[in-house]
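Asks:
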Amino acid sequence: MAHLLYLSYMDDAAAKELLDNAAGVLKINDRKLWTVPASDLYPHQWLWDSCFIAIGLRHLDVERAQTELRSLLGGQWSNGMVPNIIFSKDKSHWRDRNLWRSWISPYAPDDVATSGITQPPMLAEAVLRIGQKLKLPERRSWYKEMLPHLVHYHEWFYNDRDPHKEGLVVLLHPYESGLDDSPPWMSELRKHSMPLWLRLLEKAGLGVVISWFRRDTQHVTLAQRAGNVEAAAGWAAMRRLRRKAYNSEAILSRSLFVVEDLAFNSIFIRANQCLKEIAKTAAYDLPEHLKESMDKTQGALEQLWDETSGQYYARSFVSHKLIEEPSIATLLPLYSGGISKDKAARLVELLKRRRMFSTSWPVPSVPVNSNDFNPYKYWQGPAWINTNWLIIDGLKRYGYHEEAKVLQERTLQLVANSGMYEYFNPLNGEPAGAPNFSWTAALTIDLLKS
Ligand code: GLC
1 MAHLLYLSYM DDAAAKELLD NAAGVLKIND RKLWTVPASD LYPHQWLWDS CFIAIGLRHL
61 DVERAQTELR SLLGGQWSNG MVPNIIFSKD KSHWRDRNLW RSWISPYAPD DVATSGITQP
121 PMLAEAVLRI GQKLKLPERR SWYKEMLPHL VHYHEWFYND RDPHKEGLVV LLHPYESGLD
181 DSPPWMSELR KHSMPLWLRL LEKAGLGVVI SWFRRDTQHV TLAQRAGNVE AAAGWAAMRR
241 LRRKAYNSEA ILSRSLFVVE DLAFNSIFIR ANQCLKEIAK TAAYDLPEHL KESMDKTQGA
301 LEQLWDETSG QYYARSFVSH KLIEEPSIAT LLPLYSGGIS KDKAARLVEL LKRRRMFSTS
361 WPVPSVPVNS NDFNPYKYWQ GPAWINTNWL IIDGLKRYGY HEEAKVLQER TLQLVANSGM
421 YEYFNPLNGE PAGAPNFSWT AALTIDLLKS
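Start counting the sequence shown at 1; every next residue gets the next number (the numbering used here).
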């Protein structure tokens, strides 16, 4: 058992059982070349899910982890974008493929259907960590294989999604944030992206009509998913992007619904750092213009700092006003590694504050003192294992080893008690969302093994 983390509260047999359970979930969800996040609810390949999955899988089978990322890159667009969903080719899923219709864009790949938007760029981190499992020559060739894709992806952000050259990436849809119905996005959605028919439907108290068309709530109860009106507004926002064939320039010229997302940009800063490390190991020269842009991004989060409340927020790209809605994103600048020690200390204080993020089973996706907090509802309160993992990583980077260890142990205990669920009630640890959830399993493995 020497390879397992020493856990003060869990004996070797319990840790081994947890590891076996996690490996079992990844097996159930394995589709040979890629992994589904959860078999019924999410039957396709998702971007950041596959990155987290690869980070866990590398401990069990490094080649299979590499395959996961190669499949993901099979969906990369010719303009560099990596889409958030690559659809299963199975006949039964034609409706999902047809919803997004990626083939209307000249940039979409011919042989596979995808969505038309992206998701948090965890790719460079996953590539880097897989490399760390390989001997130097193999590591170099793995990095050399991945670098053209990564460079193209990161260049796409600067070409397509940083229109004012501020060093911050803009997002066009809540799904791009990965935190679909989190409060900052829902408040912007209500302000700028509610079609008239939906306002009328809501006013008339007929939101229930929407539920007849939803498929997600056939698998998980509505109380644990995004609300009906919010889900319909998300769908309507997707249709607007589709009408413009997912062309960022055309969309940006008209839309008021554009957000400089805090979680995404925090992850992007770290991704740039990973990309630099990968390039250095492979003795690969990154293009000068990309290096310059990346340098600008390194300190860009400071534009999102609010001194009065002592925290970072997302910002509306159009009004340039901060969206003062705290969420799990509040803590993710820790993961970026791009903020000062002083600011990191202030975020760690929020993490430890009982009225905010310090619950029995941390970390809630919305602070408990927020009006939006709901312990069972998707990204509006439950604790998620991927955001815990990002925070643990950030805590370590800023030297908070004790805090990182406590959160790591608490996270593993939560999964050991409640199972490999999609998310958990942060007050009592009850499981919620989909069972047998892949990133919960994969990151459990990583936390046990690192
Ligand atoms: C949900 C989550 C998103 C995740 C996807 C697949 O849409 O909000 O972050 O990638 O499910 O698990």
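Yeah, the Cβ is synthetic: ideal placement off N, Cα and C, and Gly gets one too.
It should be emphasised that the depicted structure is a prediction, and the values quoted were computed from it without experimental measurement.
Below 6 Å CB to CB, which residues in the same chain sit around residue 324 once its five sequence neighbours on both sides are set aside?
Replies: 313
Asks: What I want to know is whether the C-beta of residue 119 ends up closer than 7 Å to one or more non-hydrogen atoms of the ligand GLC.
Replies: yes
Asks: If distances are taken between C-alpha atoms only, which option among 448, 390 and 280 comes closest to residue 144?
Replies: 280
Asks: Can you list, in chain order, the residues of its chain with a C-beta nearer than 6 Å to that of residue 10? Leave out the 5 residues immediately preceding and following it.
Replies: none
Asks: Is any non-hydrogen atom of the ligand GLC found closer than 7 Å to the C-beta of residue 178, if you look at the structure I gave you?
Replies: yes
Asks: For residue 49, is the beta carbon positioned less than 7 Å from some heavy atom of the ligand NAP?
Replies: In the structure on display, the ligand NAP does not appear, and the ligands it does have are the ligand GLC.
Asks: Straight-line CA distance for residue 24 to residue 60?
Replies: 11 Å
Asks: Restricting to Cα atoms, I'd like to know which of 115, 187, 169 and 82 is closest to residue 149.
Replies: Nearest of 115, 187, 169 and 82 to residue 149, Cα basis: 82.
Asks: Helix, strand or coil: which one does DSSP assign to residue 182?
Replies: In this structure, residue 182 counts as coil in the three-state DSSP scheme.
Asks: Enumerate in chain order the residues of its own chain whose CB-to-CB distance from residue 446 is below 6 Å, with the five nearest sequence positions on each side excluded.
Replies: Once the five neighbours on either side are set aside, the close Cβ partners of residue 446 are 55 and 56.
Asks: Please go through the same chain and pick out, in chain order, the residues whose beta-carbon is closer than 6 Å to the beta-carbon of residue 271, but skip the five residues on each side of it.
Replies: 121 and 124
Asks: Quick check on the DSSP output: the beta strand (DSSP E) that includes residue 438 runs from which residue to which?
Replies: Run containing residue 438: none in the beta strand (DSSP E); it sits in the alpha helix (DSSP H), 438-449.
Asks: Find out if the Cβ-Cβ distance for the pair residue 88, residue 154 is shorter than 8 Å.
Replies: Going by C-beta atoms, residue 88 is not nearer than 8 Å to residue 154.
Asks: What are the uninterrupted segments assigned as alpha helix (DSSP H) that are 4 or more residues long and contained completely in the region 116-156, given in chain order?
Replies: Positions of the alpha helix (DSSP H) runs, each at least 4 residues long and wholly inside the region 116-156, are given as 123-131 in order along the chain.
Asks: I believe residue 453 touches residue 367 by the beta-carbon criterion, under 8 Å. Please report the beta-carbon distance rounded to the nearest angstrom.
Replies: Since the first and last residues shown for the chain are 1 and 450, residue 453 lies out of range.
Asks: Is residue 232 near residue 210, with beta carbons less than 8 Å apart?
Replies: yes
Asks: May I ask which residues mark the beginning and end of the alpha helix (DSSP H) holding residue 300?
Replies: Neither: residue 300 is in no alpha helix (DSSP H) and is coded neither H nor E.
Asks: Would you call the CB atoms of residue 116 and residue 206 closer than 8 Å?
Replies: no
Asks: Report back the beta-carbon spacing between residue 53 and residue 438 to the nearest angstrom; my notes put them in contact at under 8 Å.
Replies: 5 Å
Asks: Would a C-beta distance cut-off of 8 Å place residue 259 and residue 316 closer than the cut-off?
Replies: yes
Asks: Starting from residue 50, trace the alpha helix (DSSP H) in both directions and tell me its first and last residue.
Replies: 47-57
Asks: Is the separation between the beta-carbon of residue 415 and that of residue 387 shorter than 8 Å?
Replies: no
Asks: Relative to the C-alpha of residue 161, which residue among 142, 265, 36 and 190 is closest?
Replies: 265
Asks: I'd like the span of the beta strand (DSSP E) that includes residue 64, first residue to last.
Replies: Not the beta strand (DSSP E): residue 64 falls in the alpha helix (DSSP H), residues 62-73.
Asks: Which residues in the same chain have their Cβ closer than 6 Å to the Cβ of residue 40, if we skip the five residues on either side of it in sequence?
Replies: Cβ within range, chain order: 219.
Asks: Output the distance between the C-alpha atoms of residue 413 and residue 253, rounded to the nearest integer angstrom.
Replies: 48 Å
Asks: Count the other CB atoms, across all protein chains shown, that sit within 10 Å of the CB of residue 181; report buried if there are 16 or more and exposed otherwise.
Replies: Around the C-beta of residue 181, 16 or more other C-beta atoms lie within 10 Å, and the residue is accordingly described as buried.
Asks: CA-CA distance, residue 67 and residue 203?
Replies: Each residue's Cα considered, the two are about 49 Å apart.
Asks: Do residue 261 and residue 370 count as a contact pair if the criterion is CB distance below 8 Å?
Replies: no
Asks: Excluding the five sequence neighbours on either side, which residues of its own chain have a C-beta within less than 7 Å of the C-beta of residue 33, listed in chain order?
Replies: 67 and 71
Asks: Can you tell me where the beta strand (DSSP E) with residue 245 in it begins and where it stops?
Replies: Counting along the chain, residue 245 falls outside any beta strand (DSSP E), and DSSP gives it neither H nor E.
Asks: By DSSP, does residue 260 sit in helix, in strand, or in coil?
Replies: strand
Asks: Suppose you measure from the CA of residue 26 to the CA of residue 432; what does that come to, to the nearest Å?
Replies: 19 Å
Asks: Opposite residue 316 in the DSSP bridges: which residues?
Replies: 259
Asks: In chain order, what residues of the same chain have a beta carbon less than 7 Å from the beta carbon of residue 408, not counting five sequence neighbours either side?
Replies: 392 and 447
Asks: Can you tell which of 186, 193, 400 and 399 has the C-alpha that lies nearest to the C-alpha of residue 380?
Replies: 186
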